[in-house]
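Taken in sequence, the protein lines are chains A and B. Using our numbering, the letters of the first sequence map in sequence onto residues 1 to 19. Using our numbering, the letters of the second sequence map in sequence onto residues 1001 to 1194.
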Amino acid sequence: GSITVSIAKIMRDTRGNEI
Amino acid sequence: MQCAVGHAICSSCHGSLPSKDRCHACSAGGGSNRCNALEKILESFRVPCPNAAFGCAAATSYHEAENHRGSCPHAPCFCPEPGCEAFAGDHGWPSTEMTMYGGGERLTLPVPEGTTTTRVLHHGGGGEGRPLFLVRFTTAPQFGTVVPVVCVDPHAVPGERKFRCHLVSGFPAMAWHQVSDFQVRSTNLSGGMP
């Protein structure tokens, strides 16, 4: 078998909430 | 800081006094004021970086030490292999180069069968501040293969998440696939592999 991995930087607003 | 008589106390200890209006030594009232002479003396002291053993030559004043530790380029990471004290030790782990900063591209990795294997995802040429990821394949009886993904970061703080991982595992022969989406834990691996 195989896996597909995609990693992306988490973007946050000025309040620290994920966007 | 010092009282009107001249008894000195550091600001953090002063902050923990039950009565901040009275001197801890002579009970004189009127509170405490900054002691410029002592501040100058303390600023003249230089303390070596705790990462001096790893090549850091920086020496900072006391009040700058914490800021420096948080960004010291010589801060160590550790190796998740038991008994190994050097992250850079050569374990023969396979590695895959990511061409985009911070990921954002899809990488297809083979799943090893019956063995625990760690794969390194890195950026070609390294570079300060470029993230490094470890993908570990661990065989778990009755469950198949467990695949934790971590970001290796010498300045990681507990609970920190800077990256998100979208992971698709599939076995085409079984016409089956599973999607996982999770935030990637950052760690300096001081406690081993999470």
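Every residue gets a Cβ at the ideal spot worked out from N, C-alpha and C, and that includes glycine. Keep in mind that this is a model prediction, so the values were computed, not measured.
C-alpha gap between A:Ile7 and B:Thr1060, whole angstroms:
Position 7 of the first sequence, counted from the first residue, corresponds to residue 7 of chain A. Position 60 of the second sequence, counted from the first residue, corresponds to residue 1060 of chain B. The alpha-carbon separation between A:Ile7 and B:Thr1060 amounts to approximately 37 Å.
Proximal residues to B:Gly1030 (C-beta, below 6 Å), its chain only, five neighbours per side dropped:
Sequence index remark: in the second sequence, residue 1030 of chain B carries index 30 (1-based). Same-chain partners within the cutoff: Ala1004.
Any contact of the region 1148-1164 of chain B with the region 1022-1038 of chain B, i.e. 3+ C-beta pairs under 8 Å?
no
Buried or exposed (CB count within 10 angstroms, at least 16 for buried), B:Ser1044
Indexing the second sequence from 1 puts residue 1044 of chain B at position 44. Exposed, since its Cβ has fewer than 16 Cβ neighbours within 10 Å.
For B:Phe1054 and B:Asn1188, believed in contact at Cβ under 8 Å, the rounded distance:
Position 188 of the second sequence holds residue 1188 of chain B. Position 54 of the second sequence holds residue 1054 of chain B. With a Cβ gap of about 12 Å, B:Asn1188 and B:Phe1054 do not count as contacting.
Measure from the C-beta of A:Gly16 to each C-beta in chain B and report whether the shortest distance is under 8 Å.
One-based indexing of the first sequence puts residue 16 of chain A at position 16. No, no contact with chain B.
I'd like to check one pair, B:Arg1164 with B:Val1184: are the Cβ atoms closer than 8 Å?
In the second sequence, the residue the question calls residue 1184 of chain B occupies position 184. In the second sequence, the residue the question calls residue 1164 of chain B occupies position 164. A contact, by the Cβ cut-off of 8 Å.
Find out if the Cβ-Cβ distance for the pair A:Ile10, B:Leu1167 is shorter than 8 Å.
Counting from 1 along the first sequence, the entry for residue 10 of chain A is found at position 10. Counting from 1 along the second sequence, the entry for residue 1167 of chain B is found at position 167. The Cβ atoms of A:Ile10 and B:Leu1167 lie no closer than 8 Å to each other.
Which residues in the same chain as B:Ala1088 place their Cβ atom closer than 6 Å to its Cβ, once the five residues preceding and following it in sequence are excluded?
Numbered from its first residue, the second sequence carries residue 1088 of chain B at position 88. Any reading at B:Ala1088 must be qualified, since the residue scores a pLDDT of 41, below 50, and its modelled position is unreliable; no value is offered.
Buried or exposed (CB count within 10 angstroms, at least 16 for buried), B:Leu1042:
Sequence index remark: in the second sequence, residue 1042 of chain B carries index 42 (1-based). Exposed: under 16 other Cβ atoms inside 10 Å.
Have a look at the DSSP bridge pairing and note the partners of B:Thr1108.
Within the second sequence, residue 1108 of chain B is the residue found at index 108, counting from 1. B:Thr1108 is bridged to A:Thr4.
Could you work out which residues of chain B lie near A:Ile3, taking near to mean beta carbons separated by less than 7 Å?
Locating residue 3 of chain A in the first sequence gives position 3, counting from the first residue. Neighbours of A:Ile3 on chain B, chain order: Leu1109, Val1111, Val1147, Leu1167, Val1168, Ser1169.
What are the residues that DSSP puts in a beta bridge with B:Gln1178?
Here residue 1178 of chain B is taken as the residue at index 178 of the second sequence, counted from 1. According to DSSP, B:Gln1178 bridges with B:Ser1169.
In or out: B:Ser1016 buried (at least 16 other Cβ within 10 Å) or exposed?
Position 16 of the second sequence, counted from the start, is the residue given in the question as residue 1016 of chain B. Exposed: under 16 other Cβ atoms inside 10 Å.
Anyone know if the C-beta pair for A:Gly1 and B:Gly1170 falls short of 8 Å?
Counting from one through the first sequence, the residue named residue 1 of chain A turns up at place 1. Counting from one through the second sequence, the residue named residue 1170 of chain B turns up at place 170. Contact: yes.
DSSP bridge partner residues for A:Glu18 (one or two, in chain order)
Looking up residue 18 of chain A in the first sequence gives position 18. Beta-bridge pairing links A:Glu18 to A:Arg12.
What does DSSP give as the partner residue(s) for B:His1123 in the beta ladder?
To locate residue 1123 of chain B, count along the second sequence from 1; it is residue 123. Beta-bridge pairing links B:His1123 to B:Met1098.
Per DSSP, what kind of secondary structure is B:Ala1065 in: helix, strand or coil?
For the purposes of this step, residue 1065 of chain B is taken as residue 65 along the second sequence, with counting starting at 1. B:Ala1065 falls in the helix class under three-state DSSP.
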